[in-house]
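To start, the structure under review is shown below, and the notes come after it.
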Amino acid sequence: MEEILDLLFKGTNNAYIVRDRQITIGKAASTPEKTPSVLPTEATEGKTIRGRITDDKGLPLPGATITIVGTTRGVMTDVDGSFQIEVVPGNKLLFSFIGMTNKIVEYTGQSEINVTLVEESQELEDIVVVAFGKQRKESVIGAITSAVVSDLSMPVGKISTSLAGQLAGIVAVQRSGEPGSGADFWIRGVSTFGANNRPLVLIDGVERSLDLIEVEDIETFSILKDATATAVYGVRGANGVVLVTTRKGKTGKPLINVKAETGLLSPTRMPQMANAEQFIDLYNEVHREAYKGRNFYSEEAKQKYLDGSDPDLYPNVNWLDEIYKNATTSHRLNASVSGGGNIANFYVSGSVYRENGIFDAIESEEYNPSLNWTKYSFRSNIDIKLHRNTILNINLANQYEVKNRPNTTSLWLYSFQTVPIAIPKMYSDGSLAKPDIGQNPYNLLNNTGYVQIFNNNAQSLVGITQDFSELITPGLKANIKYSWDAYNSASIIRKKSPTTYYAIDRDAEGGLVLKRTTDGGDYMTFERGNAGSRTTYLEASVTYDQVFNDDHRVGGLFLFNQREHIDNFPSKYVYSLPYRNMGIAGRVTYAYRDKYFAEGNFGYNGSENFSPGKQYGFFPSVALGYMLSSESFFQPLTNVISTLKLKGSYGTIGNDKIGGGRRFAYNPEMQDYSSYTFGEMGQTWIRGLATGYPGNPHVSWEKAKKLNIGVEVGLLNKLDVQVDYFHELREGIFIERESVPSIVGINVDPYVNLGRMKNRGVDASMEYREQIGDLNISARANFTFNRNEKLYDDKPTPIMAYKSEVGKPLYQQFGLVALGYFESEEDIANSPIQQYGPVRPGDLKYRDINGDMVINASDMVPIGRTSIPEINYGFGFSMGYKGFDLSLFFQGVGNTTMFIGGTAINGFENSNLFLSGVYADVAENRWRPEDPDPKAKYPRMSIYTNENNRQRSTAKQIENSFLRLKNAEFGYTIPKTISDKVGFSSVRIYAQGVNLLTMSSFSLWDPEITDQQGAVYPNMKTLNFGVNLNF
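The numbering of the sequence shown is our numbering, which starts it at 9 and goes up by one.
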């Protein structure tokens, strides 16, 4: 190629350079000074200076632009990066090149200026993404935590399920492992009992669901936690903000990345129910106790159940084994291509993910009732350079999901509650089995139809960024963006009701005598549902960032935004009206010698929910920072303490969410009622109008007052530690009045700003890096503790002060304090009366809190903690050596409890014997009358519902803290000498595991599942294998 170019340009004044398969052509030097091509200039007098622009590897940057700030004068470097330009003292030169970070140098009489530009991606480690921009890491004084994107890369369907334990300040829980399900998460816990307690998620500055993005498409991931970091988002950022920016193309040849994965999934813990023998023995025990020593099942019947001699009349079915598979599979393919040139950069990606459920369904010719979820994702980010200072951004994305499942939502419940000896899966003559009361789990799975759900999220974003550094002043930029998002969902329900039977005996010929329990139909019904919405967002901003005299760095932001959300299928007419909000925001930052920092922010927001005069709120914040390690007196310590920064912030944030389905709370809401007659007996009630909710013109903003104090320490240039203390007071929380009882005869339940709550705690993070020869080692850890407290909720003051929710954490549970088990009838006679029913030895004994010798609801006190953990932490390490890499990450929670109960725990709560399945652990560790153990794990069983033992109490309180091996990965990158031969720039193969190990004192089911009897789809562990190709 060089020979052809030499021949082509022979005898011309042109020259070229080949760099990364890109050919740059320019004017050749006509003198030894290599005068470059010059952009159009204005006449001026001054001195001509020369210089050269290179990258960080010393390679020349041909075609780089050098302009005099504030003018249109400029030149372009030639093929070896050289330039010359005429300047006068005081001129500032702006050096720029596509894909590189701009640099400004002031001319103070130098005869030569040589500049090195670095790629934008190389500065990411020193840059932190903040609200509406970026800041240098050392100048950030807000509470911001950033994640290394690769740490979030796990073989999961939704990225929210990978957040737990990853970042200081994140509190995340996953309550179901069903395909397509995500996780709930908060920033620094829950700070309000109002309508809105979830963080704001912004993808490229637009409010969207976090689960709408693939991890491979993420460039940066940050969480903003304090008032300074979130104030410019106004009411939307009251509960913290998650900032995600997506990948963009970089100048250079097209880069193609392909990742293919396949995984094996299985439950982290699968419940174990009592088998046929355990159930028969248990039921005979409670039957003997209730009916003077008589067994319900004879030894002969028991033997028939166990030996399988007549599975129709004496079935023995392990329903969990029959309905669920031990393992299932997932598959994922992701591909992307990126690159760019002098005019445009691009990044395009697509992926498909499919996860199959563990339901062991049978696909028929008529339909497929199996559980599976498939997701298709697409993203395109294009940056077009309209002018050297004007960039057009066009971002498009779409996510399409399809979910197939059986037409039942109670499969887990009946799998637990149906006893193994109730019915067979199917009778030997092909008849479908079902008892009179209850269901057959096999029928629910395979013979009730199916449901298909289709979700589509289309996202678009167009923006223009204008750099005014040349036209007006250095560091001044403006941006305007507009987004349009559409969500559409459709569901198809095909319901089938088969004819079922119950076998009651055999006839003389040995055939089954069947009783019909359900009259079914021959055809499937059809139902269809629709949902959808569309959202538009407009934002315009001006930013400024400039350094004066090398000492003073000044920055600023002014922004306007407005958002409109429309529900396409509203359930009420009032919900069809657009949801709108708008606001302006501002920020001023100042740094002196990168030692002293100050920042002020404000948000001024409007809300439709409030009456005129109260629709707008002003929410300011301030922050100060001090880089102590930059002081001259600190320099002797910098070999050990490389960085020491102190910071603090305080501010007020608003929230306008009302909840309760209300809009325009200042207006009364009218409702129709069948409310009156004209006094005649038997007359039809006449419909009329009445005030459903009284209006309140004084309703205004819920306000959060946030304080954050932090310290950042760097040790030996290897270890970074950051610790923050936070305190938040919420006032004016929207609640319905409850202190005035309804007996007064009027509706006194308007929405008011009376609720108060506080939340405080500490979060911390640590990172360590070390390189020893070819061995790279890194370790990280984070810790979050938060505790909230309800201060006022307008509920009537209870007679017993300990029953008040005020002064307790949000979601505080109340129950009885268990003292153990009654040991004898004498013990019962000498104890307070338990009003929940007759008691016997082996039943739970409770503490008489108020001393009235009666156990009832008045003795229920705060017990346990909340189901949202107060302690969240994660730690792990990674290492690499000559192509091999290994990483382990653990995640844990503490200070959290749940309460177990239901039939599977309490036993025999249903009137139907066949719906009385219990856990094997309960059957094995219950209190037994023939061997009374005061330390038994569970109380005695009873043939009838035992109201005394089923009460919520400390005996049913479970500490469900756990430590989990969240992610483990081992990979190998094939040597480049080999991958080059097969056409790839790099090839990596790897094995990865998620949730492989869970350590907890609770063992009945996964401790993160808080259903009282664990009757939900279990969380899954995954063993994944993949290959990553780059070319």
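We treat Cβ as the ideally placed atom computed from N, Cα and C, and that holds for glycine.
Cβ neighbours of Thr874 in the same chain (closer than 6 Å, five flanking residues each side left out): Pro817 and Tyr819
Could you work out which residue in Ser217, Leu101 and Ala268 is closest to Leu251 when comparing CA atoms only?
Ser217
- Item | Sequence-distant residues of the same chain with beta carbon closer than 6 Å to Phe791, five excluded per side | Ala772 and Tyr881
* Strand pairing of Glu146, partner residues [DSSP] -> Answer is none; Glu146 lacks a bridge partner.
Around the C-beta of Ala912, are 16 or more other C-beta atoms found within 10 angstroms, so that it is buried, or is it exposed?
buried
Pull up the distance between the alpha-carbon of Leu921 and that of Thr905, whole angstroms please.
31 Å
Item checked: Residue from Val148, Ile152, Ser170 and Ala151 whose Cα sits closest to the Cα of Ser158 -> Ser170
To the nearest angstrom, report how far apart Leu394 and Ala180 are at their CA atoms. 43 Å
Start and end of the beta strand (DSSP E) containing Ile231? Ile226 to Leu232
By the DSSP assignment, the alpha helix (DSSP H) with Ala837 in it spans what residues? Glu833 to Ala837
Cα-Cα separation, Tyr495 to Asn326 | 42 Å
With Gly909 and Met281 assumed to form a contact (beta carbons below 8 Å), what rounded beta-carbon distance in angstroms separates them? Rounded, the Cβ-Cβ distance is 16 Å, inconsistent with contact.
Please list, in chain order, all residues of the same chain as Thr962 whose beta carbon is under 8 Å from its beta carbon, the five residues on each side excluded. Gly823, Leu824, Val825, Ala826, Ile871 and Gly872
Handout entry: Residue interval of the beta strand (DSSP E) (run including Asn1063)
Key = The displayed coordinates of the chain run from 9 to 1039. Any statement about residue 1063 would go beyond what the structure contains.
Subject >> Among Pro506, Gly700, Thr543 and Ser812, nearest to Asp530 - alpha-carbon criterion >> reply: Pro506
For Tyr458, list the residues DSSP reports as bridge partners.
Pro414 and Arg502
Spatial distance of Gln467 from Ile221 (CA atoms)
11 Å
Among Gly89, Tyr759, Ile445 and Val95, which one has its Cα closest to the Cα of Gly82?
Val95
So, Glu478 versus Asn397, is the Cβ gap smaller than 9 Å?
yes
Can you tell me which of the three DSSP states Arg396 falls into?
coil
request  = Evaluate Gln1000 with the Cβ neighbour count: other Cβ atoms within 10 Å of its Cβ, from every protein chain shown; 16 or more gives buried, anything less gives exposed.
outcome  = buried
Local Cβ density within 10 Å of Ala837, reported as buried at 16 or more and exposed below that
exposed
- [ ] Using the DSSP secondary-structure output, state which residues sit across from Arg768 in a beta bridge.
- [x] His735 and Arg795
Can you give me the Cβ contacts of Gly564 inside the same chain, cut-off strictly under 6 Å, excluding the 5 residues immediately before and after it? Tyr552 and Val596
Over what stretch of residues does the beta strand (DSSP E) that includes Asp192 continue unbroken? Asp192 to Ile195
### Beta bridge counterpart(s) of Trp381 as assigned by DSSP
Glu363 and Lys411
message: My output table needs one value for Tyr531: the three-state DSSP class, helix, strand or coil.
response: coil
Option nearest Met1028 by Cα separation, candidates Ser388, Val1002 and Phe287: Val1002
Quick test of your reading: Lys655 and Ile135, contact by CB under 8 Å. State the CB separation rounded to the nearest angstrom.
Actually they do not touch by this definition, with Cβ atoms about 18 Å apart.
Can you name the residues that DSSP bridges to Val995?
Leu1037
* Of the residues Ala298, Glu285 and Asn303, which one's Cα is nearest the Cα of Asn292? -> Asn303
Q) Is the region 268-283 touching the region 333-341, taking contact as three or more C-beta pairs under 8 Å? A) yes
Rounded separation between Tyr952 and Pro937 - CA only: 16 Å
Quiz item: In the DSSP assignment, what are the bridge partners of Val95?
Solution: Lys55
Distance, Tyr733 Cα to Glu720 Cα
12 Å
(message) Which runs of the beta strand (DSSP E) at least 3 residues long sit entirely within the region 527-582? Give them in chain order.
(response) 533-556 and 560-575
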